[in-house]
Amino acid sequence: MSAVPETADVVVVGGGIVGCAIARALAGTNLSVTLLEARADIGDGTSKANTAILHTGFDATPETLESRLVARGYELLGEYATQTGIPVERTGALLVAWTDEEVDALPGLKDKAERNGYHACEIVDSAEVYRRVPNLGPGVLAGLTVPDESIICTWTTNLALATDAVARGTRLLCDTRVTGVVVGAKHTTLHTTRGDVHCRWVINAAGLGSDYLDAEFGNHRFTVTPRRGELLVFDKLTRPMVPVIVLAVPSSRGKGVLVSPTIYGNVMVGPTSENLEDRTATGTSEEGFDFLVSKGRALMPSLFDDEVTATYAGLRAATEHSDYLIDVDATSRYVLVGSIRSTGLTSGMAIAEYVTELFDSADVDVTPRADLPAPPTMPNLGEHVGLRPYQDARRIAGDAEYGRIVCFCERVTAGEIRDAFASPVPPCDLDGLRRRTRVMNGRCQGFYCGAHTRALLDAQSGRQ
Amino acid sequence: MIGTHVAVAIVGGGPSGLTAAAAMAEQIDAEILVVEREAETGGIPRHSDHLGYGIRDLKRFISGPAYAKRLTNMARDAGATLETEAMVTGWAGDRALQITSPRGVRTVTADAVVLATGARERPRPARLVPGDRPDGVYTTGQLQNLVHVHHAKVGSRAVIVGAELVSWSAVLTLRESGCATAAMVSAYPRAEAYAAFRIPGRLLMDGPVLTRSRVVEIRGKGRVRAVVVENIDTGARETIDCDTVVFTGDWIPDHELARAGGLDMDAATRGPLVDASLRTSRAGVFAVGNLLHPVDTADGAALDGRHVAGVVCRWLRQRDEPAKAVRIRPAEPLRWVAPQLISPGAGAAPRGDLLFWVDEFRRLPKLRAVQDGRTLATTRTPWPAAPGRVYRAPWSLVADADPNGGEVTVSLV
């Protein structure tokens, strides 16, 4: 590759799904792109802890930018997942009505879905709901099907987009937090924790920090309110109880929780929804657990006969705006991509496409390059999507390390861990390794493999 | 080359699996295969580098690693095949196992399968302890693996959750790695486990045993900084500074394979239902060790292995199907019982013991077994029943049950 230019055409701030998708898209043109991530790894903020659903957008507010981009993103990411091996399971979803009020809301939701361009929803009676999900608790009155809602691996999505962006020439700088911005006549200088970075355009995809960065450009358009969502993840043995995503009907009882299969073969219950001030408050709480246990027990009592494998909390970058806030300031050569909240996983690639179009309108040359590398092939973290290495006789015959299981619960092999370290965007810590391989994410939480995994990580750190 | 058909496949190379293998290999001339997913056989004792192993089965008093080595040698010397780094990932038939190892993916069929998959401690998420999610939170298993096998450094000041036998083992391990124990937190009104372990254990601690207490929050970004402990009776909370938290005990069997195979399970132990011959609900499939009774000491698990060997050898000769069985039900505060089934011809349970887990301390426990309104037997034991460790009663308590009668209820009176 040629020498890194002193001044990048574009700096994207934020290595979450939205930032990585934008970097990847613009790196597919003749623009030089630098991607800045404040944390040590990509995808370590809002993008790592969501409900991992590939949304059709059936319940978005019609006529909004979010509605349009979620629907478009659903198509783009679905296709990209097929190309790259991001695991997706087309499970479908079922909204379940437990009260008369919720039953009465179903026709309106079906209508709303149609106004969002989604026409496959059907209202079904309680017998049909129980036929599809026999383990639901008593009291179901009716349901609404959303056959195309799907589950996806959010970690692999983020990593695929970052890997692709890097393959296309993006310079990725982690541990690089923007501390100040100086907009000049032709160039912008970003002061960062690792020195100055120069560029022509800045794209703000900073998620939880996006309002601070926006203020650096002299704007006071919005405030990010971190909205904490806590989730319980149940043992894999519960997976057959939840064949589809079970959604709550919005009602005066407040927002309910969902019960969803995960792409790793577990079941999750959540999220809570709690507005906070601390943008680092990713801890779980007693109140959150009490809420999830009481809601979850009513939804599906049998789940609680089994074990909770993991609990986690994520922060959504909510703002006072009800729609996405995507805006180009051609004078300052600055693009805000804010208020993406919780749908960025699905819409990220469509947002990137939209930003590219905005660049085109601002007379930036975004002609696609002819010499693009093929999209990356990602390791399969899906439990029910094709073979995992431990199941793959041919692969093990070629390389015994794929038969050496390190993490027994998740059946992660030494070969996969080795590959993660050797990948273009390698992990730098245990959590990064977990997101790339699932190691230690299982029911024993490291009882068996914790020490071995740490030794592998330490050996890797020693080598670097 | 390891065969694709064996007489007996034993899943798990810990004390119970190895002991079963050694005993069977001595009794029959046929291939006995032990499938162990870790790099070495021996199971959990490999990580417990202190004395106290081998008392009842080997009549010795040796360290965990020495015990693991001895059991491994006994199985190997008797002629069993020990295959390590090999994980049974599922079933391919009633007695056919799918196995992944660096040597490949293969199916092994067996005339008899013995499940000896053991138990693990419930980690923090399964106990729903909220708060931050920093480094420095372990189970005893992970801690001992780190310290004894990988010689890694842990912290300098730990809080131990639980006061079971294994909790004192964690104190010893922490001590060895230079980490002080600031407190031990237990929901029970008194510290559990044997006085023999408790008294020297206390001398090694730098803080109190907080009974009737629970951890309600972990604090710390990056690394553990403190835990918040609540008194269950008063609701009073205190913050204890520490950089390490060890979740000990609160065992759950590694029952995934048993459940994946559709074996009848016991909701209380969460292991498979077995009769005194350690037969599961599937003919030719047996279960031993702490998969059945989470958890007994290693020597107790090992003696299951010795017990099952004769039963398996008889199955290989006669293919005797288990007859209709009578269920034993424990009444509170007895949490579980093992074995749970009385079947004709199965004889007495291993060691002649009926095993229980209790939720309340009784200094001089008296037990009664009742079937269809008739008292079968009552018995007293001179030893106490204490939470946090297995309580043994004589199998004779239920031995006279009518095989055609109803369930047998055992209660503390």
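If you read the protein sequences in the order shown, they are chains A and B. For the first sequence, our numbering begins at 1 and goes up steadily by one. For the second sequence, our numbering begins at 1001 and goes up steadily by one. Every residue gets a Cβ at the ideal spot worked out from N, C-alpha and C, and that includes glycine.
Within a 10 Å sphere around the beta-carbon of W201 of chain A sit 16 or more other beta-carbons, which makes this residue buried. The region 1284-1303 of chain B makes no contact with the region 1124-1136 of chain B; the number of CB pairs closer than 8 Å stays below 3. Secondary structure of T223 of chain A (DSSP, three-state): coil. Residues of the region 1074-1090 of chain B that bring their beta carbon within less than 7 Å of a beta carbon in chain A comprise E1085, M1087, T1089, in sequence order. Cα atoms of F1361 of chain B and P1253 of chain B: separation of roughly 23 Å, rounded to the nearest angstrom. Bounds of the alpha helix (DSSP H) holding C20 of chain A are 17-26. Against C444 of chain A, the close residues of chain B are R1120, E1121, P1123, T1139, G1141, Q1142, D1254, in the order they occur along the chain (beta-carbon pairs closer than 9 Å). Selection A:V259, A:N266, A:P240 evaluated against F234 of chain A yields A:N266 as nearest (Cα-Cα). Within the region 405-432 of chain A, the runs of beta strand (DSSP E) that reach at least 3 residues and sit entirely inside it are, in chain order, 405-407. Cβ neighbours of P1333 of chain B within its own chain (closer than 8 Å, five residues either side excluded): V1358, D1359, E1360, L1412. Taking C-beta atoms as the reference points, Q1098 of chain B and T1109 of chain B fail to come closer than 8 Å. Chain order gives the chain A residues near D1132 of chain B as G283, where near means a beta carbon separation below 7 Å. Note that the C-beta distance between R404 of chain A and E1085 of chain B is below 8 Å. Here G296 of chain A is buried. Its C-beta has 16 or more other C-beta atoms within 10 Å. For the alpha helix (DSSP H) assignment, the uninterrupted runs of no fewer than 4 residues enclosed by the region 336-418 of chain A are, from N- to C-terminal side, 344-361, 393-398. Sequence-distant Cβ neighbours of N135 of chain A in its own chain, meaning closer than 6 Å and more than five residues away, are M241, M300, S302. Of all C-beta pairs linking the region 1135-1142 of chain B to the region 442-453 of chain A, three or more are shorter than 8 Å, placing the two stretches in contact.
For A1021 of chain B, the three-state secondary structure derived from DSSP is helix. Taking a C-beta distance under 8 Å as the contact criterion, D1402 of chain B and Q1340 of chain B do not qualify as a contact pair. By the rule that beta-carbons nearer than 8 Å mark a contact, L237 of chain A touches chain B. For the region 1145-1156 of chain B, the set of residues with a beta-carbon nearer than 7 Å to any beta-carbon of chain A comprises N1145, L1146, V1149, H1150, A1152, in chain order. Put simply, the CB of S1101 of chain B is near chain A, with a gap under 8 Å to one of its CB atoms. Rounded to whole angstroms, S285 of chain A and D305 of chain A show a C-alpha spacing of 22 Å.
If you compare the alpha carbons of B:T1181, B:W1168, B:E1164 with that of S1156 of chain B, the shortest gap goes to B:T1181. Looking at the DSSP output, C199 of chain A sits in a beta bridge with A:A8, A:T188.
By the criterion of a C-beta distance shorter than 8 Å, D1299 of chain B is surrounded in its chain by P1015, Y1053, G1054, I1055, R1056, D1057, L1058, once the five residues flanking it on both sides are discounted. Within the region 1320-1403 of chain B, the complete alpha helix (DSSP H) segments of 4 residues or longer fall at 1396-1399, listed in chain order.
Using beta-carbon distances, G1017 of chain B does not count as an interface residue toward chain A, since no partner is under 8 Å. Bounds of any alpha helix (DSSP H) do not take in T170 of chain A, whose DSSP letter is neither H nor E. Around the beta-carbon of A1025 of chain B, 16 or more other beta-carbon atoms lie within 10 Å, marking it buried.
Taking CB atoms only, G1235 of chain B has no neighbour in chain A less than 8 Å away.
Identification of chain A residues near G1104 of chain B by a Cβ-Cβ cut-off of 7 Å yields A393, I396, A397, G403, ordered along the chain.
Taking a C-beta distance under 8 Å as the contact criterion, G1235 of chain B and A1226 of chain B do not qualify as a contact pair. For the pair of segments examined, the region 72-85 of chain A was found to touch the region 49-60 of chain A: the number of CB pairs separated by less than 8 Å reaches three. Leaving aside the five residues that flank Q83 of chain A on each side, the residues in its chain whose CB is nearer than 6 Å to its CB run, in chain order, P375. Here R228 of chain A is not near E287 of chain A, since their CB atoms are 8 Å or more apart.
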